[in-house]
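First residue of the sequence shown? That's 1227 in my numbering, and the numbers climb one at a time after it.
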Amino acid sequence: MEAEMERICSDIEMEKHDDKQFIEEEEEDEETQLLKDRFHLSAISIVESEAKKIGMQISEPIVACISNLAFNYAAHRNESLGLSLRTFCNDLKAKEPQTEKKRKKSLRKEDRATTSAFLTADL
(Lines of atoms letter the chains of each structure in order from A and count residues from 1; the text may use other names and numbers.)
(Lines give C-alpha, C1' and ligand atoms only; values in the text may rest on other atoms or scores of the structure.)
Protein backbone atom coordinates (compact mmCIF):
# COMPACT_ATOMS: atom_id res chain seq x y z
CA MET A 1 0.00 0.00 0.00
CA GLU A 2 2.80 2.41 0.94
CA ALA A 3 4.76 1.61 -2.23
CA GLU A 4 1.66 2.31 -4.31
CA MET A 5 1.21 5.69 -2.59
CA GLU A 6 4.85 6.55 -3.31
CA ARG A 7 4.38 5.59 -6.96
CA ILE A 8 1.26 7.76 -7.21
CA CYS A 9 3.08 10.69 -5.60
CA SER A 10 6.02 10.31 -7.96
CA ASP A 11 3.62 10.15 -10.94
CA ILE A 12 1.97 13.36 -9.76
CA GLU A 13 5.37 15.05 -9.39
CA MET A 14 6.35 13.90 -12.90
CA GLU A 15 3.11 15.33 -14.30
CA LYS A 16 3.74 18.64 -12.53
CA HIS A 17 7.28 18.73 -13.94
CA ASP A 18 6.03 17.91 -17.45
CA ASP A 19 3.33 20.60 -17.19
CA LYS A 20 5.87 23.16 -15.99
CA GLN A 21 8.26 22.24 -18.82
CA PHE A 22 5.41 22.44 -21.36
CA ILE A 23 4.42 25.89 -20.10
CA GLU A 24 8.03 27.11 -20.27
CA GLU A 25 8.40 25.81 -23.83
CA GLU A 26 5.10 27.44 -24.80
CA GLU A 27 6.25 30.76 -23.32
CA GLU A 28 9.55 30.50 -25.21
CA ASP A 29 7.65 29.80 -28.44
CA GLU A 30 5.42 32.82 -27.85
CA GLU A 31 8.44 35.01 -27.12
CA THR A 32 10.21 33.74 -30.24
CA GLN A 33 7.14 34.44 -32.35
CA LEU A 34 6.86 37.93 -30.86
CA LEU A 35 10.50 38.69 -31.67
CA LYS A 36 10.06 37.31 -35.17
CA ASP A 37 6.98 39.51 -35.71
CA ARG A 38 8.84 42.57 -34.42
CA PHE A 39 11.70 41.85 -36.79
CA HIS A 40 9.31 41.53 -39.73
CA LEU A 41 7.55 44.78 -38.80
CA SER A 42 10.89 46.57 -38.54
CA ALA A 43 11.98 45.24 -41.91
CA ILE A 44 8.67 46.28 -43.48
CA SER A 45 8.96 49.75 -41.99
CA ILE A 46 12.49 50.14 -43.34
CA VAL A 47 11.49 48.92 -46.81
CA GLU A 48 8.52 51.29 -46.96
CA SER A 49 10.53 54.29 -45.78
CA GLU A 50 13.34 53.60 -48.27
CA ALA A 51 10.80 53.24 -51.07
CA LYS A 52 9.19 56.56 -50.12
CA LYS A 53 12.61 58.26 -50.11
CA ILE A 54 13.13 57.42 -53.76
CA GLY A 55 9.48 57.93 -54.74
CA MET A 56 8.55 54.29 -55.37
CA GLN A 57 5.59 52.18 -54.41
CA ILE A 58 6.09 48.58 -53.31
CA SER A 59 3.41 45.91 -53.43
CA GLU A 60 2.52 43.95 -50.29
CA PRO A 61 3.89 40.60 -51.56
CA ILE A 62 7.24 42.21 -52.36
CA VAL A 63 7.42 43.79 -48.90
CA ALA A 64 6.60 40.42 -47.29
CA CYS A 65 9.23 38.71 -49.43
CA ILE A 66 11.89 41.27 -48.50
CA SER A 67 10.96 40.91 -44.84
CA ASN A 68 11.26 37.11 -45.00
CA LEU A 69 14.57 37.32 -46.83
CA ALA A 70 15.90 39.75 -44.23
CA PHE A 71 14.81 37.42 -41.44
CA ASN A 72 16.41 34.39 -43.10
CA TYR A 73 19.61 36.33 -43.76
CA ALA A 74 19.75 37.46 -40.13
CA ALA A 75 19.15 33.91 -38.90
CA HIS A 76 21.89 32.56 -41.19
CA ARG A 77 24.25 35.32 -40.11
CA ASN A 78 23.56 34.55 -36.45
CA GLU A 79 24.31 30.87 -37.09
CA SER A 80 27.58 31.84 -38.75
CA LEU A 81 28.42 34.16 -35.88
CA GLY A 82 27.58 31.43 -33.38
CA LEU A 83 29.80 28.98 -35.24
CA SER A 84 32.65 31.50 -35.31
CA LEU A 85 32.29 32.14 -31.58
CA ARG A 86 32.22 28.41 -30.82
CA THR A 87 35.33 27.87 -32.94
CA PHE A 88 37.09 30.76 -31.20
CA CYS A 89 36.08 29.40 -27.80
CA ASN A 90 37.31 25.91 -28.70
CA ASP A 91 40.60 27.37 -29.93
CA LEU A 92 41.05 29.14 -26.62
CA LYS A 93 40.20 25.98 -24.72
CA ALA A 94 42.64 24.00 -26.83
CA LYS A 95 45.43 26.43 -26.01
CA GLU A 96 44.65 26.71 -22.31
CA PRO A 97 44.69 23.06 -21.20
CA GLN A 98 48.14 22.45 -22.68
CA THR A 99 49.76 24.72 -20.12
CA GLU A 100 47.62 23.22 -17.37
CA LYS A 101 48.58 19.72 -18.47
CA LYS A 102 52.25 20.62 -18.27
CA ARG A 103 51.71 22.02 -14.79
CA LYS A 104 49.76 18.95 -13.74
CA LYS A 105 52.43 16.63 -15.13
CA SER A 106 55.19 18.45 -13.28
CA LEU A 107 53.10 18.40 -10.10
CA ARG A 108 52.45 14.69 -10.54
CA LYS A 109 56.17 14.03 -11.00
CA GLU A 110 56.88 15.98 -7.82
CA ASP A 111 54.15 14.06 -5.98
CA ARG A 112 55.59 10.77 -7.17
CA ALA A 113 59.06 11.83 -6.11
CA THR A 114 57.87 12.76 -2.63
CA THR A 115 55.76 9.60 -2.39
CA SER A 116 58.68 7.39 -3.41
CA ALA A 117 60.91 9.25 -0.98
CA PHE A 118 58.44 8.47 1.78
CA LEU A 119 58.23 4.86 0.72
CA THR A 120 61.99 4.40 0.76
CA ALA A 121 62.23 6.13 4.11
CA ASP A 122 59.67 3.71 5.55
CA LEU A 123 61.53 0.67 4.28
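Quick reminder that beta carbons are idealized off the backbone N, C-alpha and C, glycines included.
Per DSSP, what kind of secondary structure is residue i in: helix, strand or coil?
i     : result
A1347 : With a pLDDT of only 49 at A1347, under 50, the local geometry of the prediction cannot be trusted, and the value read off the model is given with reservation. If DSSP states are grouped into helix, strand and coil, A1347 belongs with the helices.
G1308 : helix
M1282 : coil
R1233 : helix
Just mark residue i as buried or exposed, buried being the case when its beta carbon has 16 or more other beta carbons within 10 Å.
i     : result
A1269 : buried
S1293 : buried
E1230 : exposed
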